[in-house]
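In the numbering used here, the protein residues as written are 1 to 265. Here's the structure, in structure tokens; my notes come after.
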Ligand SMILES: Nc1ncnc2c1ncn2[C@@H]1O[C@H](COP(=O)(O)OP(=O)(O)OP(=O)(O)O)[C@@H](O)[C@H]1O
Ligand SMILES: [Mg+2]
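In structure tokens, the structure reads:
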């Protein structure tokens, strides 16, 4: 048998170009929840890699472990067994303080329910992570305004959440997630509370961030047509990965929006 030289070995095809660095690597990841006498085995050995600049969707039935996995990736919780390397750092070895620091500096979160402070303006909501990071007022305003402009909300910075539509509130939440310039954006059912046109508008924001800024995005959804805006779909079932494939026919939000009817005001 001919032995291949190093430069002859064919690279494994992945959803994104070769040469891009690995951002996330998890190996034999398990998560148990102890509840009294019962033990829920929510993740049962997840092994996968996500490269910088990927846009990944996670799908799967309710209870299959998607949010549990996102919480581990987001350093909100630690695995019961297995390894998680974020940009080469073994997360399991970190203290609580170091975990909080990684969360604040490297990771942005977006949730289904927006999670905005209700009596606080869009600008102030976006500023919050910068306050935690100890950034001064002037720089905070500048960066928050810029983050709101990136999501197309530059005109609404003084509105409180009740004066904004659902889609606009989710844009504020995305701006808040971006304001620290994270390496990774995690979104758990970000379109779950939105109508179909607004959902596509939010997917357009994510596609732009991924393509223009090369932001790595991992998004959970139940909706197959939302999943098709990503580049790769990972399917969970009972705490296992059952499928991991590139998106065959990727949707482009900008094109879909052009064909969709405008909502009546
Ligand atoms: N904090 C917790 N304590 C105990 N069990 C939990 C906890 N969080 C999740 N679980 C259990 O772990 C399993 C996976 O839950 P998880 O929330 O990750 O599912 P999911 O795929 O996000 O579901 P959904 O689509 O409904 O959001 C479920 O059986 C759930 O009941
Ligand atoms: Mg969930």
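Positions of the beta carbon are idealized from the N, C-alpha and C atoms, including for glycine.
1. Relative to ligand 2, is the shortest distance from any of its heavy atoms to the C-beta of residue 66 smaller than 7 Å?
2. So, for residue 200: in the same chain, excluding its five sequence neighbours on each side, which residues have a beta-carbon less than 7 Å away from its beta-carbon?
3. Given a cut-off of 8 Å, decide if residue 153 and residue 168 are closer than it, judged by their beta-carbon atoms.
4. Decide yes or no for the touch test of the segment 71-86 against the segment 241-251: beta carbon pairs closer than 8 Å, at least 3 of them.
5. Among residues of its own chain, excluding the 5 on either side of residue 251, which ones have a beta-carbon nearer than 6 Å to its beta-carbon?
6. Determine the extent of the alpha helix (DSSP H) in which residue 81 is found, giving its start and end residues.
7. Which whole-angstrom value is the C-beta distance of residue 42 and residue 60, which I expect to be below 8 Å?
8. State the DSSP-derived secondary structure class of residue 31, mapped to helix, strand or coil.
9. Might you give, ordered along the chain, the residues of its own chain that have their beta carbon closer than 6 Å to the beta carbon of residue 262, omitting 5 neighbours on each side?
10. Under the three-state reduction of DSSP, which class applies to residue 227: helix, strand or coil?
11. Roughly how many angstroms separate the alpha carbons of residue 140 and residue 131, rounded to a whole number?
12. Below 8 Å, how does it come out for the segment 180-196 and the segment 106-115: are there three or more Cβ pairs, yes or no?
13. Would residue 82 and residue 27 be called neighbours here (beta carbons separated by less than 8 Å)?
14. For my contact list, residue 193 and residue 113 are in at a C-beta cut-off of 8 Å; report their separation, rounded to the angstrom.
15. Would you mind working out which of 188, 205, 86, 125 sits nearest residue 221, comparing C-alpha positions?
16. Count the other CB atoms within 10 Å of the CB of residue 57; is the residue buried (16 or more) or exposed (fewer)?
On the basis of the coordinates in this document:
1. Position 66 of the chain shown, counted from the start, is the residue given in the question as residue 66. Residue 66 Cβ: within cutoff of ligand 2.
2. As a first step, residue 200 must be located in the chain shown, where it is residue number 200. Excluding positions up to five away in sequence, the list reads 253, 256, 257, 260.
3. To locate residue 168, count along the chain shown from 1; it is residue 168. To locate residue 153, count along the chain shown from 1; it is residue 153. Yes, the pair counts as a contact, with Cβ atoms nearer than the cut-off.
4. no
5. Counting from 1 along the chain shown, the entry for residue 251 is found at position 251. So the list reads 228, 229, once near-sequence residues are dropped.
6. Position 81 of the chain shown, counting from 1, holds the residue named residue 81. Here residue 81 belongs to no alpha helix (DSSP H); instead the beta strand (DSSP E) covers 81-86.
7. What you label residue 42 is simply residue 42 of the chain shown in a count that begins at 1. What you label residue 60 is simply residue 60 of the chain shown in a count that begins at 1. Actually they are not in contact, since the Cβ atoms of residue 42 and residue 60 sit about 12 Å apart, beyond 8 Å.
8. The count along the chain shown starts at 1 and reaches residue 31 at position 31. Strand, per DSSP.
9. Residue 262 sits at position 262 when you count from the first residue of the chain shown. So no residue of the chain qualifies.
10. Translated into the one-based positions of the chain shown, residue 227 becomes position 227. Residue state, collapsed to three classes: helix.
11. In the chain shown, counting from the first residue as 1, residue 140 sits at position 140. In the chain shown, counting from the first residue as 1, residue 131 sits at position 131. Distance between the alpha carbons of residue 140 and residue 131: 8 Å.
12. yes
13. As a working note, residue 82 is residue 82 in the chain shown. As a working note, residue 27 is residue 27 in the chain shown. Closer than 8 Å, so yes.
14. Numbered from 1 along the chain shown, position 193 holds the residue referred to as residue 193. Numbered from 1 along the chain shown, position 113 holds the residue referred to as residue 113. Between residue 113 and residue 193 the Cβ distance is about 7 Å, and since that is below 8 Å, they are a contact.
15. Here residue 221 is taken as the residue at index 221 of the chain shown, counted from 1. Out of 188, 205, 86, 125, 188 has the C-alpha closest to the C-alpha of residue 221.
16. As a first step, residue 57 is located in the chain shown; it is residue number 57 there, counting from the start. Looking at its Cβ environment, which holds 16 or more other Cβ atoms inside 10 Å, residue 57 is buried.
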